[in-house]
Amino acid sequence: MDVSVLQQPVSAPKVYGKTGVLIVNLGTPDSPNVPDVRKYLREFLLDGRVIDIPLVPRSLLVNGIIAPFRAPKSAKVYKELWTETGSPLKYYGHIVERELQQALGNRYVVKLAMRYQSPSIDAGLSEFQKLGLTDIIVIPFFPQYASASTGSVYQKVMDIVKNWQVIPAIRFINRFLEHPKFIEGFAQLGRKYMADYDYDHFLFSYHGLPERQIRKGDVTKTVCKLGDCCDSLQAMNQHCYRAQCFETTRLLVKALNIPEGKYTTCFQSRLGSDPWIKPYTDDVIKALPGKGVHSVLAFSPAFVADCLETTIEVGVEYKEMFEEVGGKHWQLVESLNDSPIWIETLVDLVKTA
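Going by this note's numbering, the first residue of the sequence shown is number 24, and it counts up by one from there.
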């Protein structure tokens, strides 16, 4: 055989069609009215990756207790969040969909979907199916991987496409907490507030999860201690949500030049009586004034768009809690929303997928 033939560069495969890009956030009720909130809560909480107990007790819990009694209370809070443009999560999602489409060009088709409610993953994938796409890239809008968020999106996508006669190549973005532009996006927002005020402390609050879900993720059953095992992110704990959150904080602290001792990583939004990952954000807040902390700059780096957990929980409820125990100044750093650097981050994720 002519050796020169073997030395010829391998040409790239021919591109026949377009690439679909499905960007997926958690979801939001269609309106802040009780029936729509109840519908949303049912779909969300009946997901076996969210409440990971057997189907029958899960259904009894959600349909018999949580949805009927929590929906009216949640509806009041959603009304505080709602704006003239509707849900901020969906509003920013549609802007990002449009901006990302423009940035990527006509070789790509970008669709926004929500894991729960509308626009649905099913509708987005159905659009892709009709277009005869070469491949599909799925980007769950969760910087850190968790079974209840990213894992649930994976499962939903696979449940839908398993029935297709032709399944194109599908690539999933697992996480993006280490992406330099993601970190710089939050750092830019933080610097804006740090330039105007000398904060005593910096709080990095992430959505919580039950401890049992973290332990389930330790397939070796030897690594997870729910403690200092999260002090670094490495091969054996790389899929641990808690460890990824602590790593996100470390990267942001470095980008913002925050000294040791002036920041805390903590977890919010716990539900029920089972233990959730610690430290709890409300416990941390209540202890801060006793440590001489009277001003806090609060980040929510588990969310890329403002929502109930950022605007209301961290921005309003935790602010009131801090002031009740003697705190003087509390400031929430908004999410990336539709910022140019967030669009740049997504372009990079698509191009390297």
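Glycine included, each C-beta is placed from N, C-alpha and C at the ideal position.
Problem set entry | Beta-carbon proximity list for T173, same chain, < 6 Å, skipping 5 on both sides | These residues qualify, in order along the chain: P163 and F165.
Exercise. In three-state DSSP terms, what is N86?
Worked result: helix
For this session: Please name the residue, chosen from Y216, A328 and G50, that lies closest to S141 on a Cα-to-Cα basis.
Result: G50
Exercise. Where does L369 land, buried or exposed, given buried means 16+ other C-beta within 10 angstroms?
Worked result: buried
Exercise. Using the C-alpha atoms, what's the distance from N280 back to D297?
Worked result: D297 and N280 have their C-alpha atoms roughly 36 Å apart.
For this session: At 4 residues or longer, and completely inside the segment 106-136: list those alpha helix (DSSP H) runs for me, N to C.
Result: 111-127
Problem set entry | Own chain residues within Cβ distance below 8 Å of V33, not counting five before or after | Here the model assigns V33 a pLDDT of 49, short of 50, so the residue's position is not dependable, and the following value carries that caveat. Answer for V33: no residue qualifies.
Problem set entry | Reference K179; option with closest CA among G208, F209, T157 and M137 | M137
For this session: Assess, as a yes-or-no matter, whether the segment 284-301 is touched by the segment 320-337 under the definition of 3 or more beta carbon pairs within less than 8 Å.
Result: yes
Problem set entry | Rounded C-alpha distance that separates Y177 from Q257 | 23 Å
Problem set entry | Local conformation of Y377 per DSSP, three classes | For residue 377 there is no data in the structure shown, the boundaries of the chain being 24 and 376.
Problem set entry | Reduced DSSP secondary structure (H/G/I, E/B, other) of N186 | coil
For this session: Return the residue from the list I118, G147, Y139 and E66 that minimises the CA-CA distance to V132.
Result: Checked all of I118, G147, Y139 and E66; the closest Cα to V132 is G147.
For this session: Report the rounded CA-to-CA distance for L355 versus T333, giving the unit in angstroms.
Result: 8 Å
For this session: Could you tell me the boundaries of the alpha helix (DSSP H) in which F269 lies?
Result: That run of the alpha helix (DSSP H) goes Y264 to L279.
For this session: Say whether the segment 329-347 touches the segment 102-121, bearing in mind that this needs 3 or more beta-carbon pairs closer than 8 Å, one atom from each stretch.
Result: yes
Exercise. Which runs of the alpha helix (DSSP H) spanning at least 4 residues fall entirely within the segment 284-319, listed in chain order?
Worked result: 304-310
Exercise. For the segment 218-227 against the segment 309-318, are there 3 or more C-beta pairs whose distance is under 8 Å?
Worked result: As far as the Cβ criterion goes, the segment 218-227 touches the segment 309-318, which means the pair count is three or higher.
Exercise. With burial defined as no fewer than 16 other Cβ atoms inside 10 Å of the residue's Cβ, what is the status of N360: buried or exposed?
Worked result: Result: buried.
Exercise. How many Å lie between L104 and R72 at the Cα?
Worked result: One alpha carbon belongs to L104, the other to R72, and they sit about 26 Å apart.
For this session: Go to T157, then tell me how far its beta strand (DSSP E) extends in each direction, as first and last residue.
Result: No beta strand (DSSP E) holds T157; DSSP gives it neither H nor E.
Exercise. Can you list, in chain order, the residues of its chain whose CB lies under 7 Å from that of E336, leaving out five sequence neighbours each side?
Worked result: Sequence-distant Cβ neighbours of E336 in its own chain, meaning closer than 7 Å and more than five residues away, are Q291 and S292.
Problem set entry | Whole-Å CB distance - I196 paired with L45, under 8 Å assumed | About 10 Å separates the two Cβ atoms, so there is no contact after all.
Exercise. Three-state secondary structure (DSSP) at N260?
Worked result: helix
Exercise. From K96 to I89, what does the alpha carbon distance come to, in whole angstroms?
Worked result: One Cα belongs to K96, the other to I89, and the distance between them is close to 11 Å.
Exercise. If you count every other CB in all the chains shown that lies within 10 Å of the CB of K204, and 16 or more means buried, which is it?
Worked result: buried
For this session: Return yes when the Cβ of L275 is within less than 8 Å of the Cβ of I206, no when it is not.
Result: yes
Problem set entry | Cβ-based burial, L154 [other Cβ within 10 Å; buried from 16] | With fewer than 16 other Cβ atoms inside 10 Å of its own Cβ, L154 counts as exposed.
Exercise. What does a CB cutoff of less than 7 Å around N108 pick up in its chain, not counting 5 residues either side in sequence?
Worked result: Asn is not the amino acid found at residue 108; the sequence shown has Thr there. Within its own chain, the residues whose Cβ lies closer than 7 Å to the Cβ of T108, once the five positions on either side in sequence are excluded, are Y114, listed in chain order.
Exercise. Just reading off the beta strand (DSSP E) that Y229 is part of, what are its end residues?
Worked result: In the DSSP assignment, Y229 falls within the beta strand (DSSP E) that extends over H224 to H230.
For this session: In angstroms with no decimal places, state the Cα-to-Cα distance between G240 and L249.
Result: 12 Å
Exercise. Expressed to the nearest angstrom, what Euclidean distance is found between the alpha-carbon atoms of G183 and Q125?
Worked result: Note on residue identity: the sequence assigns Ile, not Gly, to residue 183. Answer to the nearest angstrom: the Cα atoms are 28 Å apart.
Exercise. If you compare alpha carbons, which of N48, K99 and V242 is closest to V119?
Worked result: N48
For this session: Identify whether F164 lies in helix, strand or coil by the three-state DSSP scheme.
Result: coil
For this session: Pick helix, strand or coil for T368, following the three-state DSSP scheme.
Result: helix
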